[in-house]
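Novice: In full-length UniProt numbering, the protein residues as written are 1 to 566.
Yeah, the Cβ is synthetic: ideal placement off N, Cα and C, and Gly gets one too.
These numbers come from a predicted model, not from an experiment.
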Amino acid sequence: MSDLLDWQRLALGVLRKSGRADEDTPPEAVADLLATDTYDGVRIAPLYTAADPAPPAGQPGHVPFVRGGHPAPRPWDVRQRHADPDPKVTRAAVLADLENGATSLWLAGIAPADLAEALDGVLLDLAGVVLDNGADTLAAARAFLALPGAGKSGNLGADPLGLTARTGTVHDTSILSELSKMSGVPVATVDATVYHDAGGSDAQELGYATATGLAYLRELVGAGLSAGMALQQLEFRFAATADQFATIAKLRAARRIWSRVAQVCEVPHLGAQRQHAVTSSAMMTARDPWTNLLRTTIACFAAGAGGADAVTVQPFDARLGLPDAFSRRIARNTQSLLIEESGAARVLDPAGGSWYVESLTDALAHAAWDVFTEVERAGGMAAALRSGLVADRIGTTWERRHADLAHRRQPITGVSEFPDLAERRPVRPSAPLPPSGGLPQHWYSQSFELLRDAADARADPPTVRLVALGPTAAHSARVSFATNLFAAGGVRLTADSTSPVACICGSDRSYASGVAELAARLRAEGVTRIWLAGQGPYDGVDSYLYMGCDALDVLRQTHLDLGVAQ
1 MSDLLDWQRL
11 ALGVLRKSGR
21 ADEDTPPEAV
31 ADLLATDTYD
41 GVRIAPLYTA
51 ADPAPPAGQP
61 GHVPFVRGGH
71 PAPRPWDVRQ
81 RHADPDPKVT
91 RAAVLADLEN
101 GATSLWLAGI
111 APADLAEALD
121 GVLLDLAGVV
131 LDNGADTLAA
141 ARAFLALPGA
151 GKSGNLGADP
161 LGLTARTGTV
171 HDTSILSELS
181 KMSGVPVATV
191 DATVYHDAGG
201 SDAQELGYAT
211 ATGLAYLREL
221 VGAGLSAGMA
231 LQQLEFRFAA
241 TADQFATIAK
251 LRAARRIWSR
261 VAQVCEVPHL
271 GAQRQHAVTS
281 SAMMTARDPW
291 TNLLRTTIAC
301 FAAGAGGADA
311 VTVQPFDARL
321 GLPDAFSRRI
331 ARNTQSLLIE
341 ESGAARVLDP
351 AGGSWYVESL
361 TDALAHAAWD
371 VFTEVERAGG
381 MAAALRSGLV
391 ADRIGTTWER
401 RHADLAHRRQ
411 PITGVSEFPD
421 LAERRPVRPS
431 APLPPSGGLP
441 QHWYSQSFEL
451 LRDAADARAD
461 PPTVRLVALG
471 PTAAHSARVS
481 FATNLFAAGG
491 VRLTADSTSP
501 VACICGSDRS
511 YASGVAELAA
521 RLRAEGVTRI
531 WLAGQGPYDG
541 VDSYLYMGCD
551 ALDVLRQTHL
561 DLGVAQ
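Right under this line is the structure:
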């Protein structure tokens, strides 16, 4: 307890210096002052101790499967995604992947008639194949099952409710019954990434996945399968993000929730959810795409540490189009290095026992269960999609997330922070467009990237006139801040500019003594908008740049003032 009190006193001292606390603030208030809330209302404390209770997580391989679906460590399935519609190109990429570390395949949108050519030479009894054919699922399943060879594994990829969410067109769940009669290959993929990509929270992703999974169980049991057999027909696909602890907790919470569903179905021992984690599409950037290597590495580690059965690392150039051999190799090797050299797969549930992770897992499971039960009260997942409940709930979350992105409370390296205006991006062939018409697909970086695109389309790069006051030491920090902010919209801040937009950078003392006169002089020189790095108000200044300001609003206004076409 004395150690905790010492930490509180030290933290309080820092908070007082920053102005977030005063002399009357007690040490026990530090936790609330430093805590943050997730989009699900889960409070994240700055420090966790043994006093933070969480229910027992059990043992790996045993109910409630929080600590993993297997009792002993084993490498996760390295699953590579292929979406090139050319079967010859796909075949070459597939064989290269399987020869160099991949252990299964995810075929997204390969035409049913081309599956035989795309999989020519693949030993289907060794490499699992997961299909992803949307409205063509039945035809793709028939084509796949007709291929020579016994012992096929993977998943036929039926996800009618997920397809409904993506397209806005109702797709019947009865396809699951038909597929279940065709072979012993599992038939359904509960793809929860559609909710993540639409801007949803972790609890929404889990809650809607659980509701979808339950709808599929009902369909399969109605077709004559036992509850235990029906459970074995499902695989769940979740997004793994660069927030490693949130990803670890999400996968652990997903298993706990699904174990509860299996318990209600009276087959608790069969409730080990099979999980496929794919690095988040929403977090990937088209600008400075090399930074995606950092994001996907963290996400991959989190997926493995969280106990995913299969992991797909998206190539760093995924936002630019179809990946090339180099980017696929890097994506594949990210997993190989974590499994073989880092030893991340040699430990079961390495985050287990962490007071933070256990507490977060518990809180997230409860939040997701609330989302799930709301859907069930609304009549199930199909009804919730049809009524707009899912879209409304996710839309509200996206508004909050977008505000955080705009204010850079969630900075995006290489885009909203530290953009490289001289970057030379690789060029890739266009990728097939994904299904659309239902829930939107958002990229966290998209609003900033659209501004960069508009600025780059000009023959002459847009500039803002820098007006620096005093010696370098007095203005360098604010010049750097303003330069970084304007660059996020493709705008250069330079003293050589004759732009009608100006930005004043200096110290508070220099502002107090001369800003009004300087602003009047700038107006006389034709400047129509004056920004100031800092907070005012000061006479003659139109707007201010400061930590936490709405960066998107600043950039949009600057583009408007400079006549940059939107």
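For the pair the stretch 520 to 540 and the stretch 450 to 458, tell me if three or more CB-CB distances fall below 8 Å.
Specialist: Contact fails: fewer than three Cβ-Cβ distances are below 8 Å.
Novice: Enumerate, from N- to C-terminal direction, the unbroken alpha helix (DSSP H) stretches of 4 or more residues contained entirely within the stretch 195 to 282.
Specialist: Listed in chain order, the complete alpha helix (DSSP H) runs (minimum 4 residues) inside the stretch 195 to 282 are 202 to 222, 227 to 231 and 244 to 264.
Novice: What are the boundary residues of the alpha helix (DSSP H) that includes V94?
Specialist: The count along the sequence shown starts at 1 and reaches residue 94 at position 94. That run of the alpha helix (DSSP H) goes P87 to E99.
Novice: Please work out which residues of its chain come closer than 8 Å, Cβ to Cβ, to A85, disregarding the five sequence neighbours upstream and downstream, and give them in chain order.
Specialist: Your numbering for residue 85 matches position 85 in the sequence shown. Correcting the residue identity first, residue 85 is Pro in this sequence and not Ala. Taken in chain order, the residues that qualify are G109, I110, A111, D114 and P432.
Novice: What residue from V564, S416, D3 and A230 has the CA that sits closest to A286's CA?
Specialist: As a first step, residue 286 must be located in the sequence shown, where it is residue number 286. Per the Cα distances, S416.
Novice: Out of R218, D159 and L562, which one is the CA nearest neighbour of T169?
Specialist: Stepping through the sequence shown from its first residue, residue 169 is reached at position 169. Minimum Cα distance to T169 is reached at D159.
Novice: Looking at R91: is its Cβ nearer than 8 Å to the Cβ of E117?
Specialist: One-based indexing of the sequence shown puts residue 91 at position 91. One-based indexing of the sequence shown puts residue 117 at position 117. Result yes, Cβ atoms of R91 and E117 sit closer than 8 Å.
Novice: Enumerated in chain order, which unbroken segments of the beta strand (DSSP E) with a length of 3 residues or greater are wholly contained in the stretch 306 to 360?
Specialist: The qualifying runs are 310 to 312.
Novice: Taking the alpha-carbon positions, what's the V267 to G304 distance?
Specialist: Along the sequence shown, read from residue 1 onward, the residue named residue 267 stands at position 267. Along the sequence shown, read from residue 1 onward, the residue named residue 304 stands at position 304. Answer to the nearest angstrom: the Cα atoms are 26 Å apart.
Novice: Below 8 Å, how does it come out for the stretch 238 to 250 and the stretch 213 to 222: are there three or more Cβ pairs, yes or no?
Specialist: No, the stretch 238 to 250 is not in contact with the stretch 213 to 222.
Novice: Could you say which of L47, P27, D24 and P26 lies nearest to A35 if we only look at CA atoms?
Specialist: For this step, residue 35 is matched to residue 35 along the sequence shown. The shortest C-alpha separation from A35 is found at L47.
Novice: Following the continuous beta strand (DSSP E) through G157, name the residue where it begins and the one where it ends.
Specialist: Locating residue 157 in the sequence shown gives position 157, counting from the first residue. Neither: G157 is in no beta strand (DSSP E) and is coded neither H nor E.
Novice: Give the straight-line distance between the Cα atoms of A150 and L123, rounded to the nearest whole angstrom.
Specialist: Here residue 150 refers to the residue found at position 150 when the sequence shown is read from its first residue. Here residue 123 refers to the residue found at position 123 when the sequence shown is read from its first residue. Going by the C-alpha atoms only, they are around 10 Å apart.
Novice: Using C-beta distances below 6 Å, list every residue in its chain close to A188, excluding the 5 sequence neighbours before and after it, in chain order.
Specialist: The residue you call residue 188 lines up with position 188 of the sequence shown. A158, L176, Y216, Q233 and L234, listed in sequence order.
Novice: Does the stretch 538 to 545 come into contact with the stretch 514 to 524, if we say contact requires no fewer than three beta-carbon pairs (one atom in each stretch) closer than 8 Å?
Specialist: With the cut-off at 8 Å, the stretch 538 to 545 and the stretch 514 to 524 touch.
Novice: Count the CB pairs spanning the stretch 344 to 354 and the stretch 14 to 24 that are closer than 8 Å, and state whether there are at least three.
Specialist: No, because fewer than three Cβ pairs between the stretch 344 to 354 and the stretch 14 to 24 fall closer than 8 Å, the two stretches do not touch.
Novice: Measure from the alpha carbon of A50 to the alpha carbon of each residue in G470, S354 and Q446, then state which is nearest.
Specialist: By 1-based counting over the sequence shown, the position of residue 50 is 50. The shortest Cα separation from A50 among G470, S354 and Q446 belongs to S354.
Novice: Verify whether the separation of the beta carbon atoms of H276 and A310 is less than 8 Å.
Specialist: Position 276 of the sequence shown, counting from 1, holds the residue named residue 276. Position 310 of the sequence shown, counting from 1, holds the residue named residue 310. Going by C-beta atoms, H276 is nearer than 8 Å to A310.
Novice: Among S480, D453, L493 and W369, which residue has its Cα nearest to the Cα of V564?
Specialist: Counting from one through the sequence shown, the residue named residue 564 turns up at place 564. Minimum Cα distance to V564 is reached at D453.
Novice: How should L145 be labelled, buried or exposed, when 16 other C-beta atoms within 10 angstroms of its C-beta is the threshold for buried?
Specialist: On the sequence shown, residue 145 is found 145 positions in, with the first residue counted as 1. Burial call: exposed.
Novice: Please determine if the stretch 358 to 375 and the stretch 325 to 341 are in contact, where contact requires at least 3 C-beta pairs separated by less than 8 Å.
Specialist: Because the criterion of three Cβ pairs below 8 Å is not met, the stretch 358 to 375 and the stretch 325 to 341 do not touch.
Novice: Give me the DSSP bridge partner(s) of residue 570.
Specialist: Any question about residue 570 goes unanswered here, given that the chain covers just 1 to 566.
Novice: Cβ of A282 within 8 Å of Cβ of H196?
Specialist: Residue numbering aside, residue 282 sits at position 282 when the sequence shown is read from its first letter. Residue numbering aside, residue 196 sits at position 196 when the sequence shown is read from its first letter. Going by C-beta atoms, A282 is nearer than 8 Å to H196.
Novice: For A378 versus L439, is the C-beta distance shorter than 8 Å?
Specialist: Taking the first residue of the sequence shown as 1, we reach residue 378 at position 378. Taking the first residue of the sequence shown as 1, we reach residue 439 at position 439. Against a cut-off of 8 Å, the Cβ pair of L439 and A378 comes out as no contact.
Novice: Evaluate F238 with the Cβ neighbour count: other Cβ atoms within 10 Å of its Cβ, from every protein chain shown; 16 or more gives buried, anything less gives exposed.
Specialist: Position 238 of the sequence shown, counting from 1, holds the residue named residue 238. By the 10 Å Cβ count, F238 comes out buried.
Novice: Between which two residues does the alpha helix (DSSP H) containing D392 stretch?
Specialist: Taking the sequence shown and counting its residues from 1, the one referred to as residue 392 is at position 392. It spans L389 to A406 - the alpha helix (DSSP H) in which D392 sits, taken as one unbroken run.
Novice: Taking C-beta to C-beta, are P60 and G68 nearer than 8 Å?
Specialist: For this step, residue 60 is matched to residue 60 along the sequence shown. For this step, residue 68 is matched to residue 68 along the sequence shown. Closer than 8 Å, so yes.
Novice: Tell me which residues share the same chain as G295 and place their Cβ nearer than 6 Å to its Cβ, disregarding the 5 neighbours each side in the sequence.
Specialist: For this step, residue 295 is matched to residue 295 along the sequence shown. For the record, residue 295 in the displayed sequence is Arg; it is not Gly. Hits under 6 Å: A242 and M283.
Novice: Since A502 sits in a beta bridge, which residues does DSSP pair it with?
Specialist: Numbered from 1 along the sequence shown, position 502 holds the residue referred to as residue 502. R465 and I530.
Novice: Would you mind stating whether G395 and T167 have Cβ atoms separated by less than 8 Å?
Specialist: For the purposes of this step, residue 395 is identified with residue 395 of the sequence shown, where counting begins at 1. For the purposes of this step, residue 167 is identified with residue 167 of the sequence shown, where counting begins at 1. Their beta carbons are not under 8 Å apart, which means G395 does not touch T167 by this criterion.
Novice: Looking at residue 575: is its Cβ nearer than 8 Å to the Cβ of I504?
Specialist: Because the chain in this structure spans residues 1 to 566, residue 575 falls outside the shown range and cannot be described.
Novice: Could you spell out the range, first to last residue, of the beta strand (DSSP E) harbouring Q80?
Specialist: On the sequence shown, residue 80 is found 80 positions in, with the first residue counted as 1. Start and end: D77 to H82.
Novice: Grab me the residues of G380's own chain with a C-beta within less than 6 Å of its C-beta, minus the 5 sequence neighbours each way, in chain order.
Specialist: Taking the first residue of the sequence shown as 1, we reach residue 380 at position 380. Excluding sequence neighbours, G380 sits near A215.
Novice: Please list, in chain order, all residues of the same chain as I44 whose beta carbon is under 8 Å from its beta carbon, the five residues on each side excluded.
Specialist: Counted from its first residue, the sequence shown places residue 44 at position 44. Around I44: A35, T36, D37, T38 and L360.
Novice: Classify E399 as buried or exposed, calling it buried when 16 or more other Cβ atoms lie within 10 Å of its own Cβ.
Specialist: As a working mapping, residue 399 is identified with position 399 in the sequence shown. E399 should be labelled exposed.
Novice: Considering Cα atoms alone, identify which of D404, P55, A127 and A141 is closest to A96.
Specialist: Counted from its first residue, the sequence shown places residue 96 at position 96. Of the candidates D404, P55, A127 and A141, the one whose C-alpha sits nearest the C-alpha of A96 is A127.
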